[in-house]
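Residue 797 is where the sequence shown starts when you use our numbering, and the numbers rise one by one after that. Think of the CB as a built atom: it goes at the ideal place given N, C-alpha and C, for glycine as much as any other residue. Heads up, the thing below is written out as structure tokens.
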Amino acid sequence: MNTLHTNRRQVLGWMGAGAALLGHPGLARAATWQPSGNITYNISVAPGGSVDLYARGIKQALETLNLVGGHTVLPMNRPGAAGLLALQAMQKARGDAHQLGTFHTGGIAGQVTGVLKADLRDYVPVAMMVEETTLVAVAADSPLRSATELVDKLRRDPLALKIAVAPLRGLNLHLAIAKPLKLAGVDVSQLTVVPFRSSGESVTALLGGHIDVVIATGPTVTPLAQSGKVRMLASCAASRGTGPLAEVPTWRELGIAADYVSYNGVLLPPGVDAEQIRFWENALRRVAESAEWRQLVERSGNKPMFKGYVDSHRYLQSELQATQALVASLGAGAR
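Written out as structure tokens, the structure is:
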């Protein structure tokens, strides 16, 4: 596992940018910077999962609401190396606010476990827009009828089931299943955890009988549950969801206090200035307030929300510390 070192230059840079923003009355006032051309949206995963779904939803809303001056937002999937390829593209575009990237709890987990060979503190998280519900699911014809049966089986034999995560071990989905199982008395170091490029691929493997259990977020699992193809056993949220998730028990209800919340948002390259941050914060707030965006997120089984630059930066710092402690307790570093 990588040890997180605080880089004094990075911290001072964050503080300076935050002070510049907070020094202006009313963060929602118009920014002086505006896009002068098309925007590239660097998506750190393959098509088919929630990160890709929401990035493309943001792209659509930015264009439909005319928030980017008539320019086009070009989605560019750059899967690989736990998100490193997308971050490298943004690193090369230092100071260029025509580049967006995906900001996700999975990247923070990857940095802590050593799967992601980058430091997210070098970048600028400008908005958090989705609170994700992580779900444990099995195929509809699985003999496992409940999360309690799942735990009991893995207590007896941690190797008994193949558990799918995406895109790699050591990221948020791996942590989201390891945390409750460890608290329930399962030897999580012995689990058979199988990584797939995307959650779309992992549920395909589940339906094909190649995998026994999937851990994935709402957009991937919920439609299949509604069509009767999978059974949702547990939610990692602190409380039950609504709609199709209203009948899914949380781990906490089952006596296992193992909440795990993931957030999905937008990242800017290193070196952007306060006005560029302000522009994107204002634009993304408008997206978050739009009915179309809220409907997209709610239909997928997740919760729409908005936190701007300051709160996103604070989340990055606090989540790094919290995940470091969690990974140390689970022994879930990179392998």
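V911 - containing beta strand (DSSP E), residue span: Working through the sequence shown from its first residue, we reach residue 911 at position 115. Per DSSP, V911 is not a residue of any beta strand (DSSP E), being assigned neither H nor E.
As assigned by DSSP and simplified to three states, the class of I904: Numbered from 1 along the sequence shown, position 108 holds the residue referred to as residue 904. It is helical.
Pair within 9 Å by beta-carbon distance, A882 and T898: For this step, residue 882 is matched to residue 86 along the sequence shown. For this step, residue 898 is matched to residue 102 along the sequence shown. Contact: yes.
As assigned by DSSP and simplified to three states, the class of L946: Taking the sequence shown and counting its residues from 1, one reaches residue 946 at position 150. Helix.
Cβ neighbours of L1002 in the same chain (closer than 6 Å, five flanking residues each side left out): Position 206 of the sequence shown, counted from the start, is the residue given in the question as residue 1002. Within its own chain, the residues whose Cβ lies closer than 6 Å to the Cβ of L1002, once the five positions on either side in sequence are excluded, are A935 and V1010, listed in chain order.
Test item: CB-CB of A905 and H970 under 9 Å: On the sequence shown, residue 905 is found 109 positions in, with the first residue counted as 1. On the sequence shown, residue 970 is found 174 positions in, with the first residue counted as 1. Yes, the pair counts as a contact, with Cβ atoms nearer than the cut-off.
Closest Cα partner of K855 within the set A1118, N838 and G844: Here residue 855 corresponds to residue number 59 of the sequence shown, with the count starting at 1. K855 has its Cα closest to that of N838, out of A1118, N838 and G844.
Proximity below 9 Å, CB of Y1056 to CB of A1124: Working through the sequence shown from its first residue, we reach residue 1056 at position 260. Working through the sequence shown from its first residue, we reach residue 1124 at position 328. No, they are not a contact pair.
DSSP state of S846 mapped onto helix, strand, coil: For this step, residue 846 is matched to residue 50 along the sequence shown. The DSSP-derived three-state label of S846 is helix.
V1017 versus G853: straight-line alpha-carbon distance, rounded: As a first step, residue 1017 is located in the sequence shown; it is residue number 221 there, counting from the start. As a first step, residue 853 is located in the sequence shown; it is residue number 57 there, counting from the start. Approximately 18 Å, taken between the alpha carbons.
Contact under 9 Å by Cβ, V922 with W1047: Here residue 922 corresponds to residue number 126 of the sequence shown, with the count starting at 1. Here residue 1047 corresponds to residue number 251 of the sequence shown, with the count starting at 1. Taking 9 Å as the cut-off, the beta carbon of V922 is found no closer than this to the beta carbon of W1047.
Local conformation of K1025 per DSSP, three classes: Here residue 1025 refers to the residue found at position 229 of the sequence shown. In the structure shown, K1025 sits in coil (DSSP, three-state: anything other than H, G, I, E or B).
Inter-residue spacing [alpha-carbon to alpha-carbon] between L1122 and V989: Here residue 1122 corresponds to residue number 326 of the sequence shown, with the count starting at 1. Here residue 989 corresponds to residue number 193 of the sequence shown, with the count starting at 1. Rounded to whole angstroms, L1122 to V989 spans 18 Å at the Cα level.
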